[in-house]
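Data first, discussion second: the structure below is written as structure tokens.
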Amino acid sequence: FFVKYPRIRIQEYRITWFNTAIKSLAILASTNELMSSNSLAEKLGIESSFIRKVLAKLMEDNLVIGYGGRYGGYKINADPSAITIYDVYLALMKNSVLKDETLILNKTDQLMIQILEEAEAEFSKVLFNYTIADVRDTF
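Quick note: the sequence shown uses the numbering used here, first residue 249, plus one each step.
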């Protein structure tokens with residue numbers, strides 16, 4: 249009997265968003281033409297509705313441009329070698345972190361926040377080392 253903890257589901261959920269965003273940007277970076285969410289979905293084996301949700305987050309940070317209508321689609325909005333994996337991470341994490349109103353109840357909470365901030369700082373350093381161009385070149 250195996251019980252999946254909610255935290256693990258949340259991490260899997262975030263990884264799915266993250267992977268979809270990185271791969272979508274890499275595919276968009278490989279063409280100058282508009283690409284529909286259906287085309288991206290076909291290439292990635294993911295539902296087009298999910299791809300549109302991910303791309304909407306990337307559009308909020310101007311990493312992607314979207315054009316509506318029958319002949320619409322998406323295209324990358326910057327040089328792929330200028331978009332770091334950290335930029336994508338930040339775009340996806342906006343509005344999904346704990347709000348400032350969260351109370352720090354005791355020293356344990358304070359220590360946990362410090363540990364997580366240090367871990368995120370190290371994680372960020374790694375993400376800064378790679379760009380969408382790096383990922384594009386693996387397709």
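Virtual Cβ for every residue (Gly too), placed ideally from N, Cα, C.
Buried versus exposed, by CB contacts within 10 Å (16 or more), residue i
i, result
"residue 339", "buried"
"residue 270", "buried"
"residue 363", "exposed"
"residue 268", "buried"
7 Å Cβ shell around residue i - same chain, five flanking residues per side excluded
i, result
"residue 381", "277, 328 and 329"
"residue 334", "372, 375 and 376"
C-alpha distance - residue i paired with residue j, whole-angstrom precision
i, j, result
"residue 286", "residue 342", "26 Å"
"residue 336", "residue 290", "22 Å"
"residue 348", "residue 360", "For residue 348, the predicted structure reports a pLDDT of 49, less than 50, and the residue's modelled location is therefore unreliable. A value from the coordinates is still provided. Each residue's Cα considered, the two are about 15 Å apart."
"residue 355", "residue 365", "15 Å"
"residue 292", "residue 298", "11 Å"
Beta-carbon proximity list for residue i, same chain, < 8 Å, skipping 5 on both sides
i, result
"residue 283", "275, 276, 321, 322 and 323"
"residue 326", "310 and 311"
"residue 266", "336, 337 and 340"
"residue 378", "332 and 333"
Sequence-distant residues of its chain with Cβ nearer than 6 Å to residue i (five each side left out)
i, result
"residue 307", "314"
Worksheet item: What beta strand (DSSP E) runs, 3 residues minimum, are completely inside the segment 257–333?
Response: Runs found: 312–315 and 321–324.
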